[in-house]
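Chemist:
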Amino acid sequence: MSTVLHPVGPEPEETYWARRVAVIIALVVVAGLVVALVVNATRSGSAVSAEPVPPAVTAPPADSPSPSPSASTSASASPSPSASASASASAEASPSSKPSASASAKPKATPSPKPTPTGPVACPAEDLRATLTGKQRLKPGQKTTFTLSLINGSATTCVVSVTPKTFELKIYSGTDRIWSSDDCAAAVKPRKATVKAEDALEWTMGWGGDRSRAGCKSRPEVPRPGTYFATAQLDGAKPVQLRMILGG
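According to the UniProt record's numbering, the sequence shown is numbered sequentially starting from 1.
Below is the structure:
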C-alpha cells in the first residue's frame with residue numbers, strides 16, 4: 001500500500017504520478033469509446049429489427065407438380081398443326097399477292113394508230129396544171145371575164161381546192177402592178193371538188209379594167225394602152241399567163 005501511494009524509483013515521485021494520471025485518462029477515454037460503440041450498435045440493431053420480416057417462401061403442394069422443363073420446351077418448340085398450316089398458307093399467299101397487285105394496275109394507254117383515209121386525199125400542188133383563157137384584145141377600162149382551171153395531173157382521183165389564201169390572179173404591165181385578187185378576198189370564191197386523173201376544176205373570175213388597191217377599192221387611174229399580162233398562181237403549182245393588148 002505504501003508503494004502505491006508513494007512510488008519508489010530513481011525518478012521523482014511527481015513523474016510517476018503524472019504517468020499514472022495519463023494511464024487513467026487513457027483508460028477512461030477507451031471505456032467511453034467502447035460504451036459509445038455499444039450504444040450505437042444497440043440502436044442500429046433495434047432499427048433493423050423494427051422493419052417487417054418478409055414472409056417465408058412456401059413450397060408448392062406435393063399433389064400439383066410443376067411442369068418439367070422438358071415438357072414446356074417441347075410444347076413451345078413444336079407448333080400446333082393449325083399454326084403451321086396457317087403459317088404455310090400465309091407464306092404461299094404473300095408471294096401470289098404481288099402479281100395480283102401488278103396485274104390489277106391499269107396498263108398504259110397505247111395510242112391507237114390513225115385510221116388510213118379511205119376516200120380521196122388532197123391533190124399535190126405540183127401535180128396540178130393551171131389554165132387561163134380570156135379575151136386578148138381589150139379597150140382601156142373594158143371589163144372582161146377569165147376562165148380558169150386546175151387539171152389533176154396525177155394518176156389517181158384527188159381533191160382540188162381553191163381559197164383566197166392559196167390562189168391569186170394578178171395583172172401587170174411590165175413592173176406596173178395594175179390589179180390583184182389579193183387586194184379583195186371576195187374576188188376568189190372558195191371551191192373544192194373531187195377530180196379524176198386528167199380532169200379539171202373550172203371557174204371564172206372578172207376584171208373591171210381598173211386598178212385595184214387593198215380593201216376591195218379601185219384607184220382612179222385608168223390603165224393606158226399597151227401590153228398586159230394576166231397571171232394565175234396556185235401555191236406550189238406552176239403559174240400560167242395570158243397576154244393581153246389594150247388598144248386606143
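For glycine and all other residues, C-beta sits at the position ideal for the given N, C-alpha and C.
1) When burial is assigned at 16 or more other CB atoms within 10 Å of the CB, is Pro223 buried or exposed?
2) Ignore the nearest five residues each way along the sequence and tell me which others in Pro190's own chain have a CB closer than 8 Å to its CB.
3) Around the C-beta of Asn40, are 16 or more other C-beta atoms found within 10 angstroms, so that it is buried, or is it exposed?
4) In three-state terms, what does DSSP make of Gly236?
5) So, for Leu201: in the same chain, excluding its five sequence neighbours on each side, which residues have a beta-carbon less than 6 Å away from its beta-carbon?
6) Nearest by alpha-carbon distance to Lys238: which of Ala125, Thr157 and Thr144 is it?
7) Could you tell me whether the Cβ atoms of Gln136 and Met205 are closer together than 8 Å?
8) Quick one: grab the DSSP three-state call for Ser181.
9) Given a cut-off of 8 Å, decide if Gly226 and Thr144 are closer than it, judged by their beta-carbon atoms.
10) Quick one: grab the DSSP three-state call for Leu242.
11) Grab the span of the beta strand (DSSP E) containing Glu198 for me, first residue to last.
12) Would you say Leu234 and Ala122 are within 8 Å of each other, going by their C-beta atoms?
13) Could you please give me the residues that DSSP links to Arg129 through a beta bridge?
14) Can you name the residues that DSSP bridges to Val159?
Modeler: According to the structure shown:
1) By 1-based counting over the sequence shown, the position of residue 223 is 223. It counts as buried.
2) The residue given as residue 190 occupies position 190 in the sequence shown. For Pro190, where only same-chain residues beyond five positions count, the Cβ hits under 8 Å are Ser161, Val162, Thr163 and Pro164.
3) Within the sequence shown, residue 40 is the residue found at index 40, counting from 1. Exposed: under 16 other Cβ atoms inside 10 Å.
4) Reading the sequence shown from its first residue, position 236 is the one you call residue 236. Correct three-state label for Gly236: coil.
5) By one-based count along the sequence shown, residue 201 stands at place 201. Leu150, Val160, Ala193 and Val195, listed in sequence order.
6) The residue you call residue 238 lines up with position 238 of the sequence shown. Of the candidates Ala125, Thr157 and Thr144, the one whose C-alpha sits nearest the C-alpha of Lys238 is Ala125.
7) Against the sequence shown, residue 136 aligns to sequence position 136. Against the sequence shown, residue 205 aligns to sequence position 205. No, they are not a contact pair.
8) Reading the sequence shown from its first residue, position 181 is the one you call residue 181. Correct three-state label for Ser181: helix.
9) In the sequence shown, residue 144 corresponds to position 144, counting from 1. In the sequence shown, residue 226 corresponds to position 226, counting from 1. It is not a contact, given that the beta carbons lie outside the stated cut-off.
10) Counting from 1 along the sequence shown, the entry for residue 242 is found at position 242. Correct three-state label for Leu242: strand.
11) In the sequence shown, counting from the first residue as 1, residue 198 sits at position 198. No beta strand (DSSP E) holds Glu198; DSSP gives it neither H nor E.
12) Sequence index remark: in the sequence shown, residue 234 carries index 234 (1-based). Sequence index remark: in the sequence shown, residue 122 carries index 122 (1-based). It is not a contact, given that the beta carbons lie outside the stated cut-off.
13) Within the sequence shown, numbered from 1, the residue matching residue 129 stands at position 129. Answer is Ile151 and Lys238.
14) As a working mapping, residue 159 is identified with position 159 in the sequence shown. Ala122 and Thr194, per the DSSP bridge assignment.
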